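Undergrad: Take this structure first; my questions come after.
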Amino acid sequence: MVKHLTLAQFQNLPSFAADQYVLGYAAMIIERFKHNPDIRPFLENTFELTYKDYVFKSKTLVISRVLRDLNKSLGNQTLSAEQVYSSLNNFTSNKKSKDLLSEKQEYAIPRTSAKKKSNSNDKLSKWLQGL
Numbered sequence: 000m001v002k003h004l005t006l007a008q009f010q011n012l013p014s015f016a017a018d019q020y021v022l023g024y025a026a027m028i029i030e031r032f033k034h035n036p037d038i039r040p041f042l043e044n045t046f047e048l049t050y051k052d053y054v055f056k057s058k059t060l061v062i063s064r065v066l067r068d069l070n071k072s073l074g075n076q077t078l079s080a081e082q083v084y085s086s087l088n089n090f091t092s093n094k095k096s097k098d099l100l101s102e103k104q105e106y107a108i109p110r111t112s113a114k115k116k117s118n119s120n121d122k123l124s125k126w127l128q129g130l
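Note that numbering that gives the first Met the number 0 numbers the sequence shown so that position 18 is 17, with each residue one more than the last.
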C-alpha cells in the first residue's frame with residue numbers, strides 16, 4: 000500500500016523516489032476502480048492516454064501499460080512527477096471519483112471445489128487414514 004504524502008512531503012523527495020512514488024500511486028488508484036470500463040475516461044482525462052478495447056478487459060494489463068507509458072514520459076521529461084501527482088490528487092479529491100472507486104481492495108480467496116476429482120494422492124491418504 001502506498002502511503003499518501005502531502006504536497007510539501009512529495010516535493011522534498013529525490014527525483015527518482017518521486018517518480019517511483021507516482022507510479023505506485025497511479026497503480027493503486029487504477030486497482031481501486033470497481034469496473035474496468037470506468038478506467039478509460041480516467042486515463043483519457045488525467046493522462047491523455049488511450050488504448051485499444053482489449054487492454055481494458057484486464058486491470059493487470061491496463062496497469063502495466065499505464066506504468067510503462069508514465070515511466071517513459073517521466074524518463075523523457077515530457078511529464079514531471081509533480082504534474083502526475085497533482086492530477087492524481089485532483090482525481091481522488093473529486094466527488095464523482097468516489098463513486099467509481101471501491102473503498103477497500105478485496106482479494107478473492109481461492110476455494111476448493113466440492114466436486115474435486117480425487118487423484119492418487121487423495122486415495123493414498125484415505126487408505127493411510129484407515130490404518
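Ideal Cβ positions, reconstructed from N, Cα and C, are used throughout, including at glycine.
Predicted model, so just to flag it, every value in this text is computed and none were measured.
(1) Using only CA atoms, which one of E47, S117, L87 lies nearest to L137?
(2) Please check the pair L100 and K33, which I expect to be a contact at CB under 8 Å, by giving their CB distance rounded to whole angstroms.
(3) When you compare the stretch 9-23 with the stretch 33-48, are there three or more beta-carbon pairs, one atom per stretch, that lie closer than 8 Å?
(4) In its own chain, which residues sit with a C-beta less than 6 Å from the C-beta of N44, not counting the 5 before and 5 after it?
(5) Can you tell me where the alpha helix (DSSP H) with F32 in it begins and where it stops?
(6) Go ahead and pull the three-state DSSP assignment for L48.
(7) To the nearest angstrom, report how far apart R67 and S124 are at their CA atoms.
(8) Taking Cβ to Cβ, would you say N35 is nearer than 7 Å to F55?
(9) Classify L6 as buried or exposed, calling it buried when 16 or more other Cβ atoms lie within 10 Å of its own Cβ.
(10) Along the chain, where does the alpha helix (DSSP H) containing K125 start, and where does it finish?
(11) Taking Cβ positions, are I28 and I62 nearer each other than 7 Å?
(12) Between which two residues does the alpha helix (DSSP H) carrying N70 extend?
TA: Let's see:
(1) With the chain represented from 0 up to 130, any question about residue 137 goes unanswered, as that position is not in the structure.
(2) 7 Å
(3) no
(4) none
(5) No alpha helix (DSSP H) contains F32, which DSSP labels as neither H nor E.
(6) coil
(7) 48 Å
(8) yes
(9) exposed
(10) 119-129
(11) no
(12) 58-75
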